[in-house]
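So the structure is just underneath, and the comments pick up after that.
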Amino acid sequence: MDKPLLVVVTGSPASGKSTLAHILARKINCPLVSRDELKEGLINTLGVSHSQLNKPIDLQVYEIFFETIALLLSKGISLVIEAAFQDKLWRPKLTNLLQQATIRIIVCKTDTALIRERFATRLLNNPGREQFHGDQSLNEEQFALLIENYQPVNMEIPTLQVDTTNQYNPDMEVVIQFVKQHNGI
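For the sequence shown, the working numbering gives the first residue as 1268, with consecutive numbering after it.
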């Protein structure tokens, strides 16, 4: 039996990865596991807002995210995963999953000005977002550190950089072909 495909969609916050991951998952007919969506589900269960949470919640969600991925892969399910983790968080977990899956990485990028605009638009379009993510409280210095110091996953795994500034560059058909050429789906 062939190994399942694990497509990792990553990039800095507001780089366009969630949108790309949802589109890609639909196009290749695979489920999507999103770190932020798992966190939102957990916060809904706990019945508190992000500001009322203690720090270990992010570690808990991180572990749940990778436990969910490992379970699905162990059942032979190919999937798309999405999170804004940096290299130091991706690397150990993906290294462990190399035996279970054929891994492909897509790194979303855009310019800092557009990231700022996307953050502002998120807050305007979804006032309830603050309950789950707490990103409205980021000051300028924290925002700059979050975006400018972002270190994408860097492993010896086929990786495609996608600029999300204006549509997708390369376009979605190239992204799909990148995934398919490495797994035959």
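Just so you know, even glycine gets a beta-carbon here, dropped at the ideal spot from N, CA and C.
Note that the structure is a prediction, hence the values are computed from the model and not measured.
How is residue i classed by DSSP in three states: helix, strand or coil?
i       : result
Asn1433 : coil
Leu1299 : strand
Ile1290 : helix
Glu1423 : coil
Ile1348 : strand
Leu1320 : coil
Met1268 : Confidence at Met1268 is low in this model, with a pLDDT of 48, below 50, so the placement of that residue should be treated as unreliable; the coordinate-derived value is given next. Looking at Met1268 - three-state DSSP - the assignment turns out to be coil, as it is neither helix nor strand.
Val1446 : helix
Gly1283 : coil
Gly1308 : helix
Val1441 : helix
What are the partner residues of residue i, as DSSP defines its beta bridges?
i       : result
Gln1428 : Val1374
Thr1457 : This structure gives no information on residue 1457, because the portion of the chain shown stretches from 1268 to 1452.
Gly1343 : DSSP lists no partner for Gly1343.
With residue i and residue j assumed to form a contact (beta carbons below 8 Å), what rounded beta-carbon distance in angstroms separates them?
i       : j       : result
Leu1273 : Leu1364 : 6 Å
Ser1279 : Tyr1417 : 4 Å
Val1429 : Ile1370 : That belief does not hold up - the Cβ atoms of Val1429 and Ile1370 are roughly 16 Å apart, past 8 Å.
Pro1271 : Leu1340 : 5 Å
Check each candidate in the options and name the one with the smallest Cα separation from residue i.
i       : options                            : result
Leu1427 : Asn1416, Asn1433, Tyr1417, Val1442 : Val1442
Lys1447 : Leu1287, Lys1306, Asn1296          : Asn1296
Determine contact between the region 1305 to 1319 and the region 1281 to 1295, defined as no fewer than three beta-carbon pairs at a distance below 8 Å.
no
Please confirm if the region 1288 to 1296 is in contact with the region 1339 to 1353, defined as three or more CB-CB distances below 8 Å between the two stretches.
yes
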